[in-house]
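Quick note on this note's numbering: the sequence shown kicks off at 39 and runs consecutively. All residues carry an ideal CB built from backbone N, CA and C; glycine is no exception. No experiment lies behind these values; they were computed from the predicted model shown. Working notes, beginning with the structure itself.
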Amino acid sequence: MIVPDCMITRDLRDGVGLGPLGSRGMTTCPSCAADVPLDAGAVPWCERCDWNVDPNPPPSPRGPLARWRRRRSDRVAAAVHARLLAEGVGLSRGRLAIALLATAPVHLLTLAVAAGGVWLVVSDVVTPWLRVPGVVLAAGVLWLVVPWRGSSSTDGRVLTADAAPATFAAVARVAEAVGARPPHTVVVVPEMYNAFFGAGRRGQRVLWLGLPLWNVLDDGARLALLGHELGHDVNRDVRRSVPMVLARRSLKGWATLLDPRGVRVRAIAYGDELAATVNLAERAALWVLHGVHLLVLLLAAGMTRLKGRAEQPAEHRADLVAAQVAGRDAVLRLLDSLLLADSAVFALVAARNAGSRDPWAEQRRRFEALPARERARMERQGRLRLQRADASHPPTHYRIEIVRAFGAERGVLGLADGALPAMDAELRGTRTAASHR
Numbered sequence: 039m040i041v042p043d044c045m046i047t048r049d050l051r052d053g054v055g056l057g058p059l060g061s062r063g064m065t066t067c068p069s070c071a072a073d074v075p076l077d078a079g080a081v082p083w084c085e086r087c088d089w090n091v092d093p094n095p096p097p098s099p100r101g102p103l104a105r106w107r108r109r110r111s112d113r114v115a116a117a118v119h120a121r122l123l124a125e126g127v128g129l130s131r132g133r134l135a136i137a138l139l140a141t142a143p144v145h146l147l148t149l150a151v152a153a154g155g156v157w158l159v160v161s162d163v164v165t166p167w168l169r170v171p172g173v174v175l176a177a178g179v180l181w182l183v184v185p186w187r188g189s190s191s192t193d194g195r196v197l198t199a200d201a202a203p204a205t206f207a208a209v210a211r212v213a214e215a216v217g218a219r220p221p222h223t224v225v226v227v228p229e230m231y232n233a234f235f236g237a238g239r240r241g242q243r244v245l246w247l248g249l250p251l252w253n254v255l256d257d258g259a260r261l262a263l264l265g266h267e268l269g270h271d272v273n274r275d276v277r278r279s280v281p282m283v284l285a286r287r288s289l290k291g292w293a294t295l296l297d298p299r300g301v302r303v304r305a306i307a308y309g310d311e312l313a314a315t316v317n318l319a320e321r322a323a324l325w326v327l328h329g330v331h332l333l334v335l336l337l338a339a340g341m342t343r344l345k346g347r348a349e350q351p352a353e354h355r356a357d358l359v360a361a362q363v364a365g366r367d368a369v370l371r372l373l374d375s376l377l378l379a380d381s382a383v384f385a386l387v388a389a390r391n392a393g394s395r396d397p398w399a400e401q402r403r404r405f406e407a408l409p410a411r412e413r414a415r416m417e418r419q420g421r422l423r424l425q426r427a428d429a430s431h432p433p434t435h436y437r438i439e440i441v442r443a444f445g446a447e448r449g450v451l452g453l454a455d456g457a458l459p460a461m462d463a464e465l466r467g468t469r470t471a472a473s474h475r
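Here's what the structure looks like:
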C-alpha cells in the first residue's frame, strides 16, 4: 500500500478547497501580521509563520503506549531516511533470507499436522475408534491454521483477463519492464484512495486499485503507480512474499486455537483422590498451553519486527522502480497526489452530495482546479504532520526527497500507444457502476 487509506462516506459535506474559484483578496495574519492572499475555495494561511497551515489537525494517539509507538515510528522513519540519503537505497538479500527462514517453523508445524492426519487415515497401527477422532481433530486444526480464506478483494470488483484485456495487457507490460511477475487478479475498489500489491487467496498475486486515486492521476502518474506496486515483487518485498503472508495468517489461526482464555479447570473434590489427580493434570496441561501460546505470540512478534525493519526501505525501493519505468517527474506527481489526498477525497464526496451525473469527472475537475496556494498549503501540512499511508510507510515528503536524489530522470516505458487510456476506458465501467451504489 502506498497511499492513505481514506474511506469515502456519502454523509461528508463539501470540504475546504472545493468551492468556486477565481476571486482573490488579501487579509492579515493574526499571528505575525504578514499579508495573506485569499483565494476563493482555499484556506487562508501564512507562509511566514505557518499560521492555519493545518486548521483541522488529526487527533493525537490515545494512551501513552500509542503515543510512544508514534514517536518511535517517527524516529525510525527519520533515521532510515538519513541513512538512505547517505548510503543509497539497496536491497538486503540477507534480510529476505532471514525472514523466509523465520516462516519455516510455522509451515513445518502445519505440514506436520497434515502429515499426521494422512498417517491416521492410511495407517493400521491406530485402532479405528481412535483413528476417526484423530482425523477429525487434525482436520479441525488445519481448518483453523491453514489460510484458506486469504483476502482476494476489499469490497471491490474482481477483474478477469477476459473481461478486461486492456487492463491485464497494460499491467503485464509494466511487469515485464520492471522484471516482476504479473498479478493473477486485479481488484478495483470504488471506495478507497489506495493501491497495493500482495498475496490473495491461495497465495495468488493480487493488484488492488482504488478508483478515487486512479481517477485523479494523469497517464504518467498512473504508470508510476503500476510501477511502484509491481516494484514490490521485483524487490521481493519481505512483507508481501507469499511465505511471509501465509505464515502470518497461519499464526493468527494458531494463536486462536491455542488461546488458553476460556479454558476452565474443575475444582478439586477433596477426599476424591482420582478427581484431585485429574485436576492437577488439567492444571499442568493448562500451564503447558499457556507456554505454547506464548511461544506463538513471540514468533508472531518476531515476524512483525522483521516486517517492520523491511517496510520503509521497501517503499523507497518501489518508488525507485517506478522512476525507472515512468521517470522521476511522474513519480513526483504521484507522490504529490498523496499529499493532496484529503482534497481528492472531498472532491468526490462533494460531487456525490451535489448529485452530479458523473461524480468521477467532477472529482477530477475539482481536483485539477485546486488553487496553487491550496496545493502548497496541503504539501506544507503533510510535511508538518509527517503524513504517510500508515505507520509502515515513510512520510511522503521523505519519499519525495529520495526520488529526487536517486530516481531515474527518464523512464524506460512510455506506453504512448494508448495502452493506459484503453485500460482507463475499461475501468470507467467500474466507475460508472460505483456511482450508482
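Next on the checklist: Runs of 4 residues minimum, wholly inside the stretch 318-394: which ones carry the alpha helix (DSSP H) assignment?
Outcome noted: 366-377, 379-391
Checklist entry - Roughly how many whole angstroms lie between the Cα atoms of residue 102 and residue 95? => result For the purposes of this step, residue 102 is taken as residue 64 along the sequence shown, with counting starting at 1. For the purposes of this step, residue 95 is taken as residue 57 along the sequence shown, with counting starting at 1. Approximately 19 Å between the Cα atoms of the pair.
Next on the checklist: Just to confirm the assignment, what range does the alpha helix (DSSP H) spanning residue 205 have?
Outcome noted: Reading the sequence shown from its first residue, position 167 is the one you call residue 205. Run containing residue 205: 203-216, per the alpha helix (DSSP H) assignment.
Item to check | Best match in 247, 284, 112, 170 for proximity to residue 183 [C-alpha to C-alpha] | outcome: The residue you call residue 183 lines up with position 145 of the sequence shown. If we check each option's Cα against that of residue 183, 284 comes out closest.
Checklist entry - Are the CB atoms of residue 359 and residue 456 nearer to each other than 8 Å? => result Indexing the sequence shown from 1 puts residue 359 at position 321. Indexing the sequence shown from 1 puts residue 456 at position 418. Contact flag unset, no.
Next on the checklist: Can you look up residue 296 in the DSSP assignment and give me helix, strand or coil?
Outcome noted: Position 258 of the sequence shown, counting from 1, holds the residue named residue 296. Coil.
Item to check | Those residues which DSSP pairs with residue 223 across a bridge | outcome: Position 185 of the sequence shown, counted from the start, is the residue given in the question as residue 223. Note: residue 223 sits in a beta bridge opposite 244.
Item to check | Close-in-space but distant-in-sequence residues of the same chain around residue 338 (CB under 6 Å, 5 per side omitted) | outcome: The residue given as residue 338 occupies position 300 in the sequence shown. Same-chain partners within the cutoff: 289.
Next on the checklist: DSSP three-state label for residue 195, please.
Outcome noted: Translated into the one-based positions of the sequence shown, residue 195 becomes position 157. Strand at residue 195.
Next on the checklist: Rounded to the nearest angstrom, what separates residue 399 and residue 381 at their Cα positions?
Outcome noted: Position 361 of the sequence shown, counted from the first residue, corresponds to residue 399. Position 343 of the sequence shown, counted from the first residue, corresponds to residue 381. One C-alpha to the other measures close to 15 Å.
Next on the checklist: Less than 8 Å between C-beta atoms, sequence neighbours within five positions excluded: which residues of the same chain meet that for residue 334?
Outcome noted: Start at 1 with the first residue of the sequence shown, and residue 334 comes out as number 296. Cβ within range, chain order: 289, 292, 293, 296.
Checklist entry - Can you tell me where the alpha helix (DSSP H) with residue 114 in it begins and where it stops? => result Locating residue 114 in the sequence shown gives position 76, counting from the first residue. Looking at the DSSP string, the run of the alpha helix (DSSP H) that includes residue 114 is 102-125.
Item to check | Cβ separation of residue 180 and residue 152, assumed to be a contact under 8 Å, to the nearest whole Å | outcome: Reading the sequence shown from its first residue, position 142 is the one you call residue 180. Reading the sequence shown from its first residue, position 114 is the one you call residue 152. That belief holds up - the Cβ atoms of residue 180 and residue 152 are roughly 6 Å apart, short of 8 Å.
Checklist entry - Thinking just about the alpha-carbon of each residue, which of 354, 409, 149, 460 is nearest to the one in residue 120? => result Counting from one through the sequence shown, the residue named residue 120 turns up at place 82. Of the listed residues, the one whose Cα sits closest to residue 120 is 354.
Checklist entry - Tell me which same chain residues have a C-beta within less than 8 Å of the C-beta of residue 190, skipping the five on either side of it? => result Here residue 190 is taken as the residue at index 152 of the sequence shown, counted from 1. For residue 190, the predicted structure reports a pLDDT of 46, less than 50, and the residue's modelled location is therefore unreliable. A value from the coordinates is still provided. Only 196, 223, 225, 238, 239, 242, 244 meet the Cβ criterion.
Next on the checklist: Quick check: residue 7 and residue 366, are their CB atoms within less than 8 Å of each other?
Outcome noted: No answer is possible for residue 7: the residues shown for the chain start at 39 and end at 475.
Item to check | Given residue 145 as reference, the closest of 412, 286, 264, 217 once Cα atoms are compared | outcome: Counting from one through the sequence shown, the residue named residue 145 turns up at place 107. Among 412, 286, 264, 217, the Cα nearest to that of residue 145 is on 286.
Item to check | DSSP-derived helix/strand/coil call for residue 462 | outcome: Counting from 1 along the sequence shown, the entry for residue 462 is found at position 424. If DSSP states are grouped into helix, strand and coil, residue 462 belongs with the helices.
Next on the checklist: Measuring straight from C-alpha to C-alpha, what distance separates residue 12 and residue 204?
Outcome noted: Only positions 39 to 475 of the chain appear in the structure, and residue 12 is not among them; the question remains open.
Item to check | Rounded C-alpha distance that separates residue 170 from residue 140 | outcome: For the purposes of this step, residue 170 is taken as residue 132 along the sequence shown, with counting starting at 1. For the purposes of this step, residue 140 is taken as residue 102 along the sequence shown, with counting starting at 1. Going by the C-alpha atoms only, they are around 33 Å apart.
Checklist entry - residue 60 to residue 106, Cα distance in whole Å? => result One-based indexing of the sequence shown puts residue 60 at position 22. One-based indexing of the sequence shown puts residue 106 at position 68. Unreliable positioning characterises residue 60 in this predicted model, as indicated by a pLDDT of 46, which lies under 50. The coordinate reading is nonetheless provided below. Using only the alpha carbons, I get a separation of about 45 Å.
Item to check | Residues of its chain near residue 67, where Cβ-Cβ distance is below 6 Å and the 5 sequence neighbours each way are ignored | outcome: The residue given as residue 67 occupies position 29 in the sequence shown. Closer than 6 Å at the Cβ level, and outside the excluded window around residue 67, lie 74, 84, 89.
Item to check | First and last residue of the uninterrupted alpha helix (DSSP H) at residue 397 | outcome: The residue labelled residue 397 in the question sits at position 359 within the sequence shown. Unbroken alpha helix (DSSP H) run through residue 397: 397-406.
Checklist entry - DSSP on residue 271, reduced to helix/strand/coil? => result What you label residue 271 is simply residue 233 of the sequence shown in a count that begins at 1. Of the three classes helix, strand and coil, the one that applies to residue 271 here is helix, per DSSP.
Checklist entry - residue 93 to residue 219, Cα distance in whole Å? => result Here residue 93 refers to the residue found at position 55 when the sequence shown is read from its first residue. Here residue 219 refers to the residue found at position 181 when the sequence shown is read from its first residue. In a straight line, the C-alpha of residue 93 is about 44 Å away from that of residue 219.
Checklist entry - Can you tell me whether DSSP reads residue 76 as helix, strand or coil? => result Position 38 of the sequence shown, counted from the start, is the residue given in the question as residue 76. Strand.
Next on the checklist: Tell me the residue span of the beta strand (DSSP E) that contains residue 236.
Outcome noted: What you label residue 236 is simply residue 198 of the sequence shown in a count that begins at 1. Its beta strand (DSSP E) spans residues 233-237.
Item to check | Within 8 Å, strictly: CB atoms of residue 261 and residue 298 | outcome: Looking up residue 261 in the sequence shown gives position 223. Looking up residue 298 in the sequence shown gives position 260. Not a contact, by the Cβ cut-off of 8 Å.
Item to check | Pick from 465, 247, 118, 466 that is closest to residue 349, judged by C-alpha positions | outcome: What you label residue 349 is simply residue 311 of the sequence shown in a count that begins at 1. Comparing Cα-Cα distances from residue 349 to each of 465, 247, 118, 466, the minimum goes to 118.
Item to check | Limits of the alpha helix (DSSP H) - the one that residue 178 falls within | outcome: Residue 178 sits at position 140 when you count from the first residue of the sequence shown. Element bounds for residue 178: 166-183.
Next on the checklist: In whole angstroms, give me the CA-to-CA distance for residue 87 and residue 72.
Outcome noted: Sequence index remark: in the sequence shown, residue 87 carries index 49 (1-based). Sequence index remark: in the sequence shown, residue 72 carries index 34 (1-based). Cα to Cα, residue 87 sits roughly 9 Å from residue 72.
Item to check | From 376, 375, 236, 405, residue whose alpha carbon lies closest to that of residue 388 | outcome: Indexing the sequence shown from 1 puts residue 388 at position 350. Residue 388 has its Cα closest to that of 405, out of 376, 375, 236, 405.
Checklist entry - Assuming residue 194 and residue 176 make a contact with CB atoms under 8 Å, what is their CB distance in whole Å? => result Position 156 of the sequence shown, counted from the first residue, corresponds to residue 194. Position 138 of the sequence shown, counted from the first residue, corresponds to residue 176. Going by Cβ atoms, the distance from residue 194 to residue 176 rounds to 35 Å, so no, they are not a contact pair.
Checklist entry - In whole angstroms, what separates the C-alpha of residue 51 from that of residue 232? => result Looking up residue 51 in the sequence shown gives position 13. Looking up residue 232 in the sequence shown gives position 194. Residue confidence for residue 51 is low, a pLDDT of 34 falling below 50, so the modelled location carries little weight; the figure read from the coordinates is stated next. Their backbone Cα atoms lie some 21 Å apart in a straight line.
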